[in-house]
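Numbering (my numbering), first residue to last: 455 to 676.
For glycine and all other residues, C-beta sits at the position ideal for the given N, C-alpha and C.
Spelled out as structure tokens, the structure:
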């Protein structure tokens, strides 16, 4: 795991997650806590296809400046590089996505997360999900974590165009576009949705959001 703090004395802590791609599912296989230099390892792993995710713990000094990331350098699980494990040893590096940050301003965005699994909503999964705030060009600026009821908020941000993306491994997320201006400085009750979907799909949906106007717009993943 690499970070960009520039200070080798900083003790970074976090966790690495290993998922196996099996048919149309991503199956959690193992986790590994890492300290200081960001080294992690998984042992006694069967041959197969895997993805690796790395996230910093809240007590890390770099927690607020780096998004949870996938091998090799992606903040979306569906853009992760798939590892075809067929050898005894495999060195896998994760370059964590450095967040660009967002300045201060009068704007605020808030809402809630829901997860649709087949024919029902799984309310148990809406807590502790990473919500990314992106700029209009899909560059991650900052993030927040949903609370126990799935609520999230970004406060005191500049006016302008943003996108919201909920990152949950194995679920397809709806991207929501939001525009804040002098007349609409606050947007509330945005519903971000996660859907169970075939692993490896190349299609996702983007919702453009204005006050009182939300509609789906299918687009192709780059």
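{"Item": "Starting from residue 620 and walking both ways along the beta strand (DSSP E), at which residues does that stretch end?", "Value": "614-621"}
{"Item": "Within its chain, find whatever has a CB closer than 8 Å to the CB of residue 601; leave out the 5 residues flanking it on each side and keep chain order.", "Value": "581"}
{"Item": "Within the 8 Å Cβ cut-off, does residue 547 reach chain C?", "Value": "The chain inventory of the structure shown lacks chain C, comprising one protein chain alone."}
{"Item": "Quick check: the Cα distance between residue 461 and residue 547, rounded to an integer number of angstroms?", "Value": "Because residue 461 carries a pLDDT of 46, less than 50, the predicted location of this residue cannot be relied on, and the following value inherits that uncertainty. In a straight line, the C-alpha of residue 461 is about 19 Å away from that of residue 547."}
{"Item": "Which partner residues of residue 677 appear in the DSSP bridge assignment?", "Value": "The requested residue 677 is not part of the displayed model; the chain covers only 455 to 676."}
{"Item": "How long is the line joining the alpha carbons of residue 583 and residue 621, rounded to whole angstroms?", "Value": "7 Å"}
{"Item": "Going by DSSP in three states, residue 606 sits in which element: helix, strand or coil?", "Value": "strand"}
{"Item": "Excluding the five sequence neighbours on either side, which residues of its own chain have a C-beta within less than 6 Å of the C-beta of residue 624, listed in chain order?", "Value": "480"}
{"Item": "Work out the CA separation of residue 506 and residue 654 for me, nearest whole Å.", "Value": "Low confidence applies here, because residue 654 scores a pLDDT of 46, under 50, leaving its location unreliable and the question unanswered by this model."}
{"Item": "Going by DSSP in three states, residue 653 sits in which element: helix, strand or coil?", "Value": "Note that residue 653 has pLDDT 46, beneath the 50 cutoff, so the model's placement of it is unreliable and no number is given."}
{"Item": "Between which two residues does the beta strand (DSSP E) carrying residue 625 extend?", "Value": "625-627"}
{"Item": "If you run the structure through DSSP and keep just helix, strand and coil, what is residue 549?", "Value": "strand"}
{"Item": "By DSSP's criteria, residue 473 is part of a beta bridge. Which residues make up the other side?", "Value": "482 and 505"}
{"Item": "Tell whether a beta-carbon distance below 8 Å holds between residue 587 and residue 613.", "Value": "no"}
{"Item": "Residue range of the beta strand (DSSP E) that residue 585 falls in?", "Value": "584-588"}
{"Item": "What residue range does the beta strand (DSSP E) around residue 597 cover?", "Value": "594-599"}
{"Item": "Could you tell me whether the region 532-542 touches the region 489-505, using the rule of 3 or more Cβ pairs below 8 Å?", "Value": "yes"}
{"Item": "Can you tell me whether residue 470 is buried or exposed, with buried defined as 16 or more other CB within 10 angstroms of its CB?", "Value": "buried"}
{"Item": "Provide the residue span of the beta strand (DSSP E) that contains residue 537, from first to last.", "Value": "537-539"}
{"Item": "What is the DSSP secondary structure of residue 532, reduced to helix, strand or coil?", "Value": "helix"}
{"Item": "What does DSSP give as the partner residue(s) for residue 498 in the beta ladder?", "Value": "Paired residue(s): none; residue 498 is not in a bridge."}
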